[in-house]
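Residue numbers (my numbering), protein chains in the order written: chain A, 1 to 358; chain B, 1 to 358. Okay, so here's the structure we're looking at.
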């Protein structure tokens, strides 16, 4: 019940134990096509270029930056937690001039602040925000910021590592040009792959670069030949990880996205009610609190590390610590994917009640 | 029986199905330490910085290049197949001026050719070669080239993707400064991780760079804080892949490296004898043929693709095609890790006998 990796359904674990086949085997190529199709449904996009990068969510972030940014490009990035901070670092290593739109950790990025930054930056190449900040539990609304970015002629890039399959994510409706996610949160597969999707506009930007992409491993122009119809060998795909993602996506679609979102919401509400009985509260911005990651304020006088250690040692429950300015101030309780179940909510509340002697 | 991924032992598949724990869980941290220690034994190195990158072998290649190369650096790379060619591409994307030491595909890189290149290049930052060229089946001897590189003041970088755990690899004895490998060949785990090791000299080069490493995901200065004693969160490690690697390494050490090398050699010799009975021969350079990857000449008048398709469809055996200048001219028969067994040799020979009507 930490910030991910989340628990994985038994059938996903079972899929991971299947024997290997080759990365150009017809059976695996069929599976690749099914993964792409299922990812399009989950991302709610028609983008042809939709597939999993052979790395974790941070590799997906780097994939978006290295393919879309050239040295000297102006980019605007929302920073309200660890992952917006990280995106600035990644973009700078691609040679970008980064303008940060900052908000206090736990708060959302306000469209007005993005609009103000856009007035300062003459020709922004892209605007990027983190949809669900795993480090703070805040969910930033997307549509207005996307509209502002496009009105300024910029691409719009979205981090959905923690949001995808846990709350509404609508890539085409929201006009997102480039998006990345991770398998180990609400998708319910082990960590190791990063689903990504590029709009035709974003792909054209990558195809018409002046300089080669600085990463060979993450070059979309090469990857799209392997994941497209040409099947040109690029790298040896992580076969087993794709087995796991395939089964996890099957479970997501079997449940249905609206039902899955509702399950995440209901368990969040149950957790919130249980926490309230213990005198605990979620501290991220009211009205914008994530269902899948709950930032719980540590009461004054409580040793937050000791509580986490006892939860793990005596109750077999992992929860996360605060990071950066929130270190020591919050616990992060994840209710993601297969972990988002009422029995888990009840167990963590019962355990906290015992430990805190409420 | 292709060029990898190889088959995986049942206990490795079983390990992949274990439930997830967090990437900072004490049990996982213990496992990380065991993986590092076992990798040091397999690489035959005392290098402290020895751990698996969260990507495939090509990510390991990029890891070595992005950390060691700065724009304008002179590098010398041996090119006798796909992977030397790839390394030039990766190094150029890091801003290197690349001098290629070329040899015909199927032949080794000769020390004299490296020496000649070193006379042309004033201050080489590094010399890199591919130990076992998976695309051609040639095994280039390492020691003399390493000596030449160091005599010129250069770092020595070695690709052991296909060699590690299938034939002798001696990182410290050979004075290799930076090495990468893959899990899906002779180590006998699924693809998805790239074991790497840096000597203290290589690490110092990465630590004292003028510019930041262009890849955040592969920055050794950040990764060494997670895989070192500080345990600073960097990315979410692919937990399940590490379970698989841990079990695969346990099996390697249980068998013992000399016994494992001998098993690979014996199965190669048995395959070679069986091929000879069919009038088939291994075409890579005599005296330098890989045990784990056999480049078999396609006889005149035989449709190489049809044979591979029939092997897969009727006999459930995958073998690989030739690449580049060897396309249509060779089959690549892998005998790597758990696949390197006498029953597999006998089956592929029997199947080829039927298909070729010998």
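Think of the CB as a built atom: it goes at the ideal place given N, C-alpha and C, for glycine as much as any other residue.
Listed by position along chain B, the residues whose Cβ is nearer than 9 angstroms to that of residue 85(A) form an empty set, because the closest Cβ is around 11 angstroms away. Linking residue 77(B) to residue 131(B) through their CA atoms gives a straight-line distance of about 12 angstroms. The three-state secondary structure of residue 107(A), taken from DSSP, is strand. Proximity of the segment 135–151 of chain B to the segment 63–73 of chain B falls short of the contact definition, fewer than three beta-carbon pairs being nearer than 8 angstroms. Across the segment 166–196 of chain A, CB contacts with chain B closer than 8 angstroms involve 182, 184, 190, 191, 192, in sequence order along the chain. DSSP places residue 180(A) in the uninterrupted beta strand (DSSP E) bounded by 178–180. The DSSP-derived three-state label of residue 332(A) is strand. In the pairwise beta carbon analysis, the segment 242–258 of chain A is classified as touching the segment 6–18 of chain A: at least three pairs are separated by under 8 angstroms. Among the residues of chain B, those whose CB is under 9 angstroms from the CB of residue 62(A) are 215, 216, 217, 218, following chain order. One finds 312, 318 in chain B with Cβ atoms closer than 8 angstroms to the Cβ of residue 25(A), taken in chain order. The alpha-carbon separation between residue 91(A) and residue 313(A) amounts to approximately 40 angstroms. Its chain contains 156, 174, 175, 176 as the residues whose beta carbon lies nearer than 7 angstroms to that of residue 146(A), once the 5 sequence neighbours on both sides are disregarded; these appear in chain order.
The beta carbon of residue 53(B) lies closer than 8 angstroms to those of 59, 60, 63, 180, 193, 194, 195, 196, 218, 223 in the same chain, with the five residues before and after it left out. Contact between the segment 346–357 of chain A and the segment 104–122 of chain A is absent, with fewer than three C-beta pairs closer than 8 angstroms. Under the three-state reduction of DSSP output, residue 289(A) falls in the strand class. At a C-beta separation below 9 angstroms, residue 13(A) has these neighbours in chain B: 16, 17, 18, 19, 20, 240. Among the residues of chain B, those whose CB is under 9 angstroms from the CB of residue 235(A) are 55, 56, 57, 58, 59, 191, following chain order. Between the segment 327–335 of chain B and the segment 297–309 of chain B, the count of C-beta pairs closer than 8 angstroms reaches three or more; the two stretches touch. Looking only at 321(A), 213(A), 125(A), the smallest Cα-Cα distance to residue 303(A) is reached by 321(A).
The three-state reading of DSSP puts residue 194(B) in strand, counting E and B together. Within the same chain, Cβ atoms closer than 7 angstroms to the Cβ of residue 172(A) are found at 44, 45, 46, the five residues on either side in sequence being excluded.
Taking C-beta separations shorter than 7 angstroms and ignoring five residues to either side along the sequence, the partners of residue 121(A) in its chain run 74, 76, 99, following chain order. Residue pairing for residue 78(A): DSSP places it in a beta bridge opposite 101(A). The three-state secondary structure of residue 155(B), taken from DSSP, is strand. Counting only the Cα atoms, residue 10(A) lies some 22 angstroms from residue 161(A).
For residue 346(B), the closest Cβ of chain A is not nearer than 9 angstroms.
According to the DSSP assignment, residue 240(A) belongs to no beta strand (DSSP E) but to the alpha helix (DSSP H) extending over 239–255. Per the DSSP secondary-structure output, residue 51(A) pairs in a beta bridge with 196(A). Per the DSSP secondary-structure output, residue 67(A) pairs with nothing in a beta bridge. Here residue 2(A) is not near residue 188(A), since their CB atoms are 9 angstroms or more apart. Going by beta carbons, residue 288(A) and residue 141(A) fall inside the 9 angstroms limit. For residue 89(B), the closest Cβ of chain A is nearer than 9 angstroms. Counting C-beta atoms within 10 angstroms of its own C-beta, residue 81(A) has 16 or more neighbours from the protein chains shown and is therefore classed as buried. In this structure residue 355(B) touches residue 307(B) by the C-beta definition: roughly 6 angstroms separates them, less than 8 angstroms. One Cα belongs to residue 216(A), the other to residue 318(A), and the distance between them is close to 37 angstroms. Of the candidates 125(B), 311(B), 268(B), 133(B), 125(B) places its Cα closest to the Cα of residue 206(B).
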